[in-house]
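Numbering (this note's numbering), first residue to last: 825 to 1158.
Positions of the beta carbon are idealized from the N, C-alpha and C atoms, including for glycine.
Just so you know, these numbers come straight off a predicted model, no measurement behind them.
Notes to accompany the following structure.
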Ligand code: TYM
C-alpha cells in the first residue's frame, strides 16, 4: 500500500529553531516520517516577507536544514528541500491568489499582528499574500497530513477553503489536507511572558534556542517567570509560568503532568527548574552538536538538499501541470 503524503515547513528567519518549533512540530515530524511519504521544506520565500540580510538568509537556511536532519529527519525516508528550489510554489501561489478574496486574506490574524507591528507602509504585499503561498506549499504535495503548532490553524483552514474552491470550480484536483496539531505541545510559551507563545520575535530571554550555548539556556530557564504561590501544580490560567515549565518537562520526558506534580510535591520552583533544564539539555544538546557537525560541511548539506529538491520538484510539477491544464492554459512546448 502506498503511504499518504505529508508536508510541513519552517521559516529560516533566525540563526536557530526554538523549543516551540522543536516540541510543537519537529518532534512530530520525525515520528510521522515512517508512516507517511513526507516532504519537509525550509520556506525561504516566506522568510523574505520581512527584510532579510542576504548572507544571513543563506546561512540561516542551511542552519534550519541542518537542525531538521540533526533532530532525526532522515533524508532517505523524507524529502528535505528548500522552497526556492521548487519554482512551482510561486507558480501555484499566483493561481491561488486569483481565487482568494481580498477580505479573506485581510482576516488572517498573523498578517494583522505582523502588519500592525511593521506599520501599513512597511508591510509588503508579500506579507499580505503569505498564507496563499503557504496554501500552495501544501497543496502541491497532495498531503493528507500537515503537522504544525496551534498558530498555523487559521492558515490551514484557508488552505482547505482554497482547495475546495478550486475543486468545485475546476473539478477534483487537490486532496483536502488536515492539520495535525498535538494538544500537549500545540503551544509552548515564552519563559518571560508565559501568556504569549514562544517566538523568534518575542523577548530573547524568554526564548530557548536549539543552537544556544548550554550556559545561556541554563540562565534563561533559571530566570523563567513563575509566581508567588510556591506550589508546583498545573493551572494554565492562574499559574502560566509553572504550567509552561511542567508542559515542557512532560513533552520531553514523557512523564504525565500528574506524575510530575506528585514528584515535585513539597519541593519549590528551584527543583522544578533544575529538572526542566536537565531534560531540555538532554534533548537539544545532541541536536545542536550534530547540526554543527553538518554545518561544517556545507557542500554535503547542499547535496542532500539537491536530492530533496529533485524529489519535491517531481511531485510539485505533476500537480502544477494538472492545475494549469484545468484552468485552461495551453501546454508549454519543451
Ligand atoms: P514557523 O517557522 O513560525 O514555525 C514552524 C513550526 O513551529 C510551530 N511553532 C510552535 N509550536 C508550538 N509552540 C510555539 N511557541 C511555536 N512556535 C512555532 C509552528 O506552528 C510551525 O508548525 N507559516 C509557517 C511556515 C510554513 C508552513 C508551510 C508550515 C510555510 N509554509 C506549509 C506548514 C506547511 C510558519 O511561519 O512557521
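Leaving aside the five residues before and after residue i along the sequence, list all residues of the same chain whose C-beta is less than 6 Å from its C-beta, in chain order.
| i | result |
| --- | --- |
| residue 901 | 857 |
| residue 1093 | 1050 |
| residue 1009 | 847, 848 and 1075 |
| residue 844 | 1012 and 1022 |
| residue 800 | For the chain, the structure presents residues 825 to 1158; residue 800 sits outside this window and is missing. |
| residue 963 | 987 and 998 |
| residue 955 | 932, 979 and 982 |
| residue 1143 | 964 |
| residue 836 | 866, 868, 871, 884, 885 and 888 |
| residue 1137 | 910 |
Got a sec: does the ligand NAD put a non-hydrogen atom nearer than 7 Å to the Cβ of residue i?
| i | result |
| --- | --- |
| residue 1116 | Summarising the ligand content, the structure contains the ligand TYM and does not contain the ligand NAD. |
Going by beta carbon distance, what residues of the same chain come within less than 7 Å of residue i, once the five residues before and after it are set aside?
| i | result |
| --- | --- |
| residue 1095 | 1088 |
| residue 1064 | 1013, 1018 and 1019 |
| residue 1131 | 899 |
| residue 1112 | 1034 and 1035 |
| residue 1048 | 1015, 1065, 1069 and 1097 |
| residue 890 | 1115, 1118, 1119 and 1125 |
| residue 1103 | 1073, 1076 and 1077 |
| residue 1038 | 1105 and 1109 |
| residue 1147 | 916, 919 and 997 |
| residue 1060 | 1067 |
| residue 860 | 827, 828, 829, 830 and 969 |
| residue 1141 | 912 |
Out of the options, which has the shortest C-alpha to C-alpha gap to residue i?
| i | options | result |
| --- | --- | --- |
| residue 1109 | 1073, 1049, 1036 and 1053 | 1036 |
| residue 1006 | 1029, 1014, 983 and 975 | 975 |
| residue 1023 | 838, 831 and 1043 | 838 |
| residue 950 | 882, 977, 875 and 1114 | 875 |
| residue 1119 | 830, 1134, 840 and 1042 | 840 |
| residue 1152 | 842, 881 and 995 | 995 |
| residue 1133 | 891, 1091 and 911 | 911 |
| residue 908 | 1128, 866 and 1122 | 866 |
| residue 1002 | 1144, 990 and 973 | 973 |
| residue 1135 | 836, 864, 853 and 835 | 864 |
| residue 1043 | 1028, 853 and 1054 | 1028 |
| residue 1127 | 967, 1141, 1081 and 904 | 904 |
| residue 883 | 1123, 1143, 1138 and 1103 | 1123 |
| residue 886 | 1099, 1080 and 1129 | 1129 |
| residue 1025 | 869, 1059 and 937 | 937 |
| residue 924 | 941, 940, 952 and 945 | 952 |
| residue 1082 | 1058, 860, 1041 and 852 | 1058 |
| residue 828 | 862, 870 and 946 | 862 |
| residue 893 | 850, 881, 935 and 877 | 850 |
Excluding the five sequence neighbours on either side, which residues of its own chain have a C-beta within less than 8 Å of the C-beta of residue i, listed in chain order?
| i | result |
| --- | --- |
| residue 1107 | 846 and 1076 |
| residue 881 | 836, 868, 871 and 872 |
Buried or exposed for residue i, please, with buried defined as at least 16 other CB atoms from any protein chain shown within 10 angstroms of its CB.
| i | result |
| --- | --- |
| residue 1149 | exposed |
| residue 1062 | exposed |
| residue 855 | exposed |
| residue 825 | exposed |
| residue 1045 | buried |
| residue 943 | exposed |
| residue 927 | exposed |
| residue 967 | buried |
| residue 992 | exposed |
| residue 1054 | exposed |
| residue 1121 | exposed |
| residue 879 | exposed |
| residue 984 | buried |
With a threshold of 7 Å (Cβ to nearest heavy atom), would residue i be considered close to the ligand TYM?
| i | result |
| --- | --- |
| residue 1107 | no |
| residue 975 | yes |
| residue 885 | no |
| residue 832 | yes |
| residue 927 | no |
| residue 872 | no |
| residue 933 | no |
| residue 903 | no |
| residue 1090 | no |
| residue 1145 | no |
| residue 1029 | no |
| residue 953 | no |
| residue 1017 | no |
| residue 1021 | yes |
| residue 909 | no |
| residue 961 | yes |
| residue 1065 | no |
| residue 845 | yes |
| residue 835 | yes |
| residue 1044 | no |
| residue 897 | no |
Where DSSP assigns a beta bridge to residue i, which residues make up the other side?
| i | result |
| --- | --- |
| residue 1063 | 1059 |
| residue 971 | 1004 |
| residue 833 | 865 |
| residue 1021 | 1013 |
| residue 842 | 1033 |
| residue 890 | Residue 890 pairs with nothing; no bridge assigned. |
| residue 904 | 864 |
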